[in-house]
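K.L.:
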Amino acid sequence: MTTATTRTTRPARTFDLGEGLTLTVDEQGDAAASGGSGVLLLHGGAGPRSVAGLAAALSEHAYVLTPTHPGFDGRPRPDWVDSVADLAEAYLDLLDVLGLNEVIVIGSSIGGWIAAEMALRDTRGRLGALVLLNATGILVKDPREIADTRSLSPAEIGQLAFHNPAFRLNPAALSDAQRAALAANQQTLQVYAGDPYQHDPKLRRRLHRVTLPALVLWGEQDGIASVAYGRAYADAFADGRFQPVAQAGHFPHIEQLAQTLGAIREFTDGQAKSVAGVVA
1 MTTATTRTTR PARTFDLGEG LTLTVDEQGD AAASGGSGVL LLHGGAGPRS VAGLAAALSE
61 HAYVLTPTHP GFDGRPRPDW VDSVADLAEA YLDLLDVLGL NEVIVIGSSI GGWIAAEMAL
121 RDTRGRLGAL VLLNATGILV KDPREIADTR SLSPAEIGQL AFHNPAFRLN PAALSDAQRA
181 ALAANQQTLQ VYAGDPYQHD PKLRRRLHRV TLPALVLWGE QDGIASVAYG RAYADAFADG
241 RFQPVAQAGH FPHIEQLAQT LGAIREFTDG QAKSVAGVVA
């Protein structure tokens, strides 16, 4: 699809994948016009609200699925779902249920790690391309390449994550309920991020097996993981490309939405017909 569609939103759907695992998924855009494809948008540790603006923008031209990872925002998480690999399998199962193919998976932070793991496990051709936004997950040389945020306050994390102070969270403005929800999300992130924290030491050596086109977009002022880390991520893919985003930190899709959208559209336009135009 290459022309703008009427942006539609609908109540979130819950999918029962068995063994106590349910996924809550927000849908935007025109599923009927998607040609059996779409965009799967995976949030990071900041929760689904951190990708809401990107989802809305993408849905002007695409069918967009934004799941909430189990355990985030109060969603149930079975005890056995405790790793990025578990989430990758769950989202591939979701695409099986929906019967979608050639899906563009866009992942922010740990969501990018999930996307990479999905690509390694996709045996049914469900995925068409990857877009990683300041993704975590690999080890280049030193585990300290990724900031360990477990002991940091929300204000300290905001200083690392955002280039523009205007986007940083003001903890004083939060209600007690909001603080509790934020803390619960961070606890869930720690479950998935694992130990070693926020990476799998073997992942980078496996990514050459991913033949999908992969775009790694990187906010240049990220205090969580450096530009050099992002370049190494792109280089690990067989068909990876790297593009920095100026004047942005860990969330380029928040601080520089237009620039991020432009890069994604240019990337997808250069792919096979089945992928090209999905977000154009």
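Under the UniProt record's numbering, the residue at position 5 of the sequence shown is numbered 5, and the numbers go up by one with no gaps. A virtual CB, placed ideally from N, CA and C, is assigned to each residue, including glycine. Source: prediction; values computed, not measured.
Below 8 Å on the Cβ atoms is my guess for residue 229 versus residue 145; work out the distance and round it to an integer in Å.
P.N.:
With a Cβ gap of about 5 Å, residue 229 and residue 145 count as contacting.
K.L.:
Considering only C-alpha positions, which residue in the set 179, 138 and 132 is nearest to residue 213?
P.N.:
Selected option, being the one with the closest Cα: 132.
K.L.:
Could you name the residues of the same chain whose beta carbon sits closer than 8 Å to that of residue 181, not counting the 5 residues immediately before and after it, in chain order?
P.N.:
So the list reads 73 and 74, once near-sequence residues are dropped.
K.L.:
Shortest alpha-carbon distance to residue 226 belongs to which of 163, 37 and 119?
P.N.:
For the residues 163, 37 and 119, the minimum Cα distance to residue 226 belongs to 163.
K.L.:
Which runs of the beta strand (DSSP E) spanning at least 3 residues fall entirely within the region 104 to 145, listed in chain order?
P.N.:
Runs found: 127 to 133.
K.L.:
Tell me which residues share the same chain as residue 3 and place their Cβ nearer than 6 Å to its Cβ, disregarding the 5 neighbours each side in the sequence.
P.N.:
Annotation note: pLDDT 39 at residue 3 (below 50); position unreliable, coordinate value reported separately. If we look at residue 3 and ignore the five residues flanking it on each side, it has no Cβ neighbours.
K.L.:
Label residue 126 either buried or exposed according to how many other C-beta atoms from any shown protein chain fall within 10 Å of its C-beta, with 16 as the threshold for buried.
P.N.:
The residue is buried, with at least 16 neighbouring Cβ atoms inside 10 Å.
K.L.:
Counting along the chain, where does the beta strand (DSSP E) carrying residue 228 start and finish?
P.N.:
No beta strand (DSSP E) contains residue 228, which is instead part of the alpha helix (DSSP H) from 227 to 236.
K.L.:
For the alpha helix (DSSP H) containing residue 268, list its first residue and its last residue.
P.N.:
Start and end: 257 to 269.
K.L.:
Starting from residue 210, trace the alpha helix (DSSP H) both ways and give me its first and last residue.
P.N.:
Premise fails: residue 210 is in no alpha helix (DSSP H) and is neither H nor E.
K.L.:
Candidates 84, 82, 45 and 99: which alpha carbon is nearest residue 31's?
P.N.:
The candidate whose alpha carbon is nearest that of residue 31 is 99.
K.L.:
Beta carbon of residue 218, beta carbon of residue 134: below 8 Å?
P.N.:
Yes.
K.L.:
Under a three-way DSSP split, which group does residue 102 fall into?
P.N.:
In this structure, residue 102 counts as coil in the three-state DSSP scheme.
K.L.:
Between which residues of its own chain and residue 273 is the CB-CB distance below 7 Å, once the five residues before and five after are set aside?
P.N.:
With a pLDDT of only 49 at residue 273, under the threshold of 50, the placement of this residue in the model should not be trusted; the figure read from the coordinates follows. Counting only Cβ-Cβ distances below 7 Å, and skipping sequence neighbours, we find nothing.
K.L.:
Beta-carbon within less than 6 Å of residue 10's beta-carbon, same chain only, minus the 5 sequence neighbours each way: which residues are those?
P.N.:
Correct list, in chain order: 27.
K.L.:
Mapping the DSSP letters down to three states, classify residue 20 as helix, strand or coil.
P.N.:
Coil at residue 20, not helix or strand.
K.L.:
Have a look at residue 253 and residue 51 and give me their C-alpha separation to the nearest angstrom.
P.N.:
C-alpha separation (whole angstroms): 8 Å.
K.L.:
Is DSSP giving residue 11 helix, strand or coil here?
P.N.:
Coil, per DSSP.
K.L.:
Buried or exposed: which applies to residue 205, given that a residue is buried once 16 or more other Cβ atoms fall within 10 Å of its Cβ?
P.N.:
Exposed.
K.L.:
Given a threshold of 16 other Cβ atoms within 10 Å of its Cβ, counted over all protein chains shown, does residue 59 qualify as buried or as exposed?
P.N.:
Buried.
K.L.:
Quick one: measure Cβ to Cβ for residue 57 and residue 257, integer angstroms, because I've assumed they're closer than 8 Å.
P.N.:
The Cβ separation is near 6 Å, so the contact holds.
K.L.:
Of all the options 19, 115, 178 and 247, which has the alpha carbon lying nearest to the alpha carbon of residue 216?
P.N.:
Looking at the Cα atoms, 115 is the closest of the given residues.
K.L.:
With respect to the beta strand (DSSP E) encompassing residue 149, which residues constitute its N-terminal and C-terminal limits?
P.N.:
Premise fails: residue 149 is in no beta strand (DSSP E) and is neither H nor E.
K.L.:
Provide the residue span of the alpha helix (DSSP H) that contains residue 198, from first to last.
P.N.:
Unbroken run through residue 198: none, as it is neither H nor E.
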